[in-house]
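Asks:
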Amino acid sequence: MLIGQRIRFVRLFRGMKQEELAEKIGLGGGENGRTRISQYENGKRTPKEDLLEKISDALQIDSFGANPQQLVLLIIIGKCDINILIHILN
Numbered sequence: 001m002l003i004g005q006r007i008r009f010v011r012l013f014r015g016m017k018q019e020e021l022a023e024k025i026g027l028g029g030g031e032n033g034r035t036r037i038s039q040y041e042n043g044k045r046t047p048k049e050d051l052l053e054k055i056s057d058a059l060q061i062d063s064f065g066a067n068p069q070q071l072v073l074l075i076i077i078g079k080c081d082i083n084i085l086i087h088i089l090n
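Reminder that position 78 of the sequence shown reads as 78 in the UniProt record's numbering, one-by-one numbering, no gaps.
#1: Among Leu2, Glu31, Ile25, which has the Cα closest to the Cα of Gln60?
#2: If we count the other Cβ atoms within 10 Å of its Cβ and call it buried at 16 or more, is Gly30 buried or exposed?
#3: Could you give the DSSP three-state label for Leu12: helix, strand or coil?
#4: At the level of alpha carbons, what is the spacing between Ile55 and Tyr40?
#5: Using the rule of at least 16 other Cβ atoms within 10 Å of the residue's Cβ for burial, across every protein chain shown, is Gly33 buried or exposed?
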């Protein structure tokens, strides 16, 4: 799973909109912030390390460098709907 896919997965798991995430990490909550988050999630842009750390903090996870099993664990323990993961992987 790519970094952008992980960002999207966890953001959806947290019930957060792209605009909300953008605001929390200092990109602004408007259309520009939403567009940047969308670009990260779709792999059109790659967030720099400092921004990735802010994203990790905002989404309350350790690191996006962690293995994909960490995300699958959320499904196993019932914290996320498997359909979200299936959608991301397609």
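We put the beta carbon where it would ideally sit given N, CA and C, even for glycine.
Note that the structure is predicted; figures quoted are calculated from it, not measured.
Replies: So, from the listed chains and residues:
#1: When the alpha-carbon of Gln60 is set against those of Leu2, Glu31, Ile25, the nearest one is in Ile25.
#2: Here Gly30 is exposed. Its C-beta has fewer than 16 other C-beta atoms within 10 Å.
#3: Residue state, collapsed to three classes: helix.
#4: Rounded to whole angstroms, Ile55 to Tyr40 spans 11 Å at the Cα level.
#5: Answer is buried; the Cβ neighbour count reaches 16.
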